[in-house]
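Encoded as structure tokens, the structure appears first; notes follow it.
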Amino acid sequence: MRGRCPRADSPVANQPAALKVQRFFVTVMIFRRFWLTLFAIALCLPAGHALRAAKAYVIVDAQTGFVLEQLEARDKRQIGSLTKVATAMVVLDWAEKRGGDLNQLVAIPPEAFVGTGDNLIGFQPGDRITLRDLLYAALVQSDNIAAYTLAHQVGGALQAIVPSAGNGSPVAIFVGQMNFLAKTLRMERTRFVNPHGIDTGERSMPYSTASDLARLTRYAVNKASFRFYVSQKERQISFSRGAEKKGYLLRNTNELLGTNGVDGVKTGRTARAGDCLILSAQRESQILKEESRTAVIPRHLIVVMLGSSNRFDEGAQLLTRGWQLHDQWTAGGRMIDPKKTL
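Here the sequence shown stands for residues 22 to 363, where the numbers follow the numbering used here.
Below, the structure written as structure tokens:
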């Protein structure tokens, strides 16, 4: 007698289909757990691991100087136009402490065009411009001619009041003040040789470290005028060429400005230095209330990155990592290890 085929709606007929469905859902759950695990691991890795990492970086709490994370932060490296942060601070300190007038008109010297690279603004020797607009040009659009002119003018003014100036050129005197500032800030592994950061054609190579530049940036962002300069996405400047008045709209080279709390600071790039970046970023202060006392805790990060291959993608990633670490540190009571503080 032939065997009877089971009906299509019988338990026997449905058993293979039920097993297939069960196996499918088991497989889906396994893959889901696998990817969730990978995602969790990725969150725990340093930001630089996800991309081709920078050669050196440091993430610092700006208020305390506590280092949240670092990689080769004491390695001496070329830093390109990050040099201009020191240039700006010597100028601003001169204006504040020596009564220097940032609104004075100065002439751009012919030497400013020697070995300083592209002339994007279109300056010519003899153009007259204020020191203030030169600061904007140097910090917002990273102009080398502007940085050299600042050093030439302020260095000349310092010749009469700096005891060790001697008979050096105005620019040499100015660079001496940049190195004096570095020494004052305990930037022990830094040497400046010019006001713009170009590292070709120099007898001695300029260098600094991620940690030293974080020290410099902490000093700089404490000055309201510096914070204002580096926060400008665009800035109109003007200069005179004889009787003719000229204008130029500067555009900030920092593409991360205005994102994720970023309010500065500076970009840099040379063939030797690679892509370099300093970021300052802030979030709303944390308010802690204990009985009758209220504490306001600033949330302000500084990120310094040297030798990158993609400064803005890596910088954004390091900043995200920095805020994660800052939140963990704050939740743990903001404990500060002196050995990990700048």
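In this text, a Cβ means the ideal position worked out from N, Cα and C, and glycines have one as well.
Residue nearest to residue i in terms of C-alpha spacing, selected from the options
{"i": "N215", "options": "Y250, Q338, A172 and N140", "result": "A172"}
{"i": "L92", "options": "L327, Q84, F213 and E311", "result": "L327"}
{"i": "K267", "options": "D96, I150, N140 and A74", "result": "I150"}
{"i": "L270", "options": "G143, A316 and E276", "result": "G143"}
{"i": "R262", "options": "R342, L277, H347 and G147", "result": "G147"}
{"i": "I129", "options": "F260, G285, L160 and G295", "result": "F260"}
{"i": "N243", "options": "K76, V79, G86 and A75", "result": "G86"}
{"i": "Y78", "options": "E311, D296, Q345 and R314", "result": "D296"}
{"i": "L322", "options": "K360, D82, Q180 and A74", "result": "D82"}
{"i": "H217", "options": "N165, T211, Q174 and V175", "result": "N165"}
{"i": "L160", "options": "Y228, L309 and N275", "result": "N275"}
Secondary structure of residue i, DSSP reduced to three states
{"i": "L72", "result": "Note that L72 has pLDDT 46, beneath the 50 cutoff, so the model's placement of it is unreliable and the number below is only indicative. In this structure, L72 counts as coil in the three-state DSSP scheme."}
{"i": "P319", "result": "strand"}
{"i": "S252", "result": "coil"}
{"i": "R95", "result": "coil"}
{"i": "A61", "result": "In this prediction, A61 scores a pLDDT of 46, lower than 50, which makes its location untrustworthy; the coordinate-derived value is nonetheless stated afterwards. Here A61 sits in helix by DSSP."}
{"i": "W56", "result": "The pLDDT assigned to W56 is 49, lower than 50, so where the model puts this residue is not dependable; a value taken from the coordinates is nonetheless given after this. Residue state, collapsed to three classes: helix."}
Start-to-end residues for the beta strand (DSSP E) that takes in residue i
{"i": "E209", "result": "Careful: E209 lies outside any beta strand (DSSP E) and carries neither H nor E."}
{"i": "S301", "result": "G295 to E311"}
{"i": "Q91", "result": "V88 to L92"}
Terminal residues of the alpha helix (DSSP H) in which residue i lies
{"i": "R332", "result": "R332 to A352"}
{"i": "I166", "result": "N165 to L179"}
{"i": "R153", "result": "L152 to V161"}
Bridge partners - residue i, DSSP secondary structure assignment
{"i": "T362", "result": "F87"}
{"i": "M326", "result": "Y78 and L298"}
{"i": "Q257", "result": "L270"}
{"i": "R355", "result": "The partner list for R355 (beta bridge, DSSP) is empty, contrary to what the question assumes."}
Curious, which full-length beta strand (DSSP E) runs of at least 3 residues does the segment 112 to 143 contain?
126 to 128
Runs of 4 residues minimum, wholly inside the segment 259 to 292: which ones carry the alpha helix (DSSP H) assignment?
none
Every unbroken alpha helix (DSSP H) within the segment 188 to 248, with a cutoff of 4 residues, ordered by chain
191 to 205 and 231 to 242
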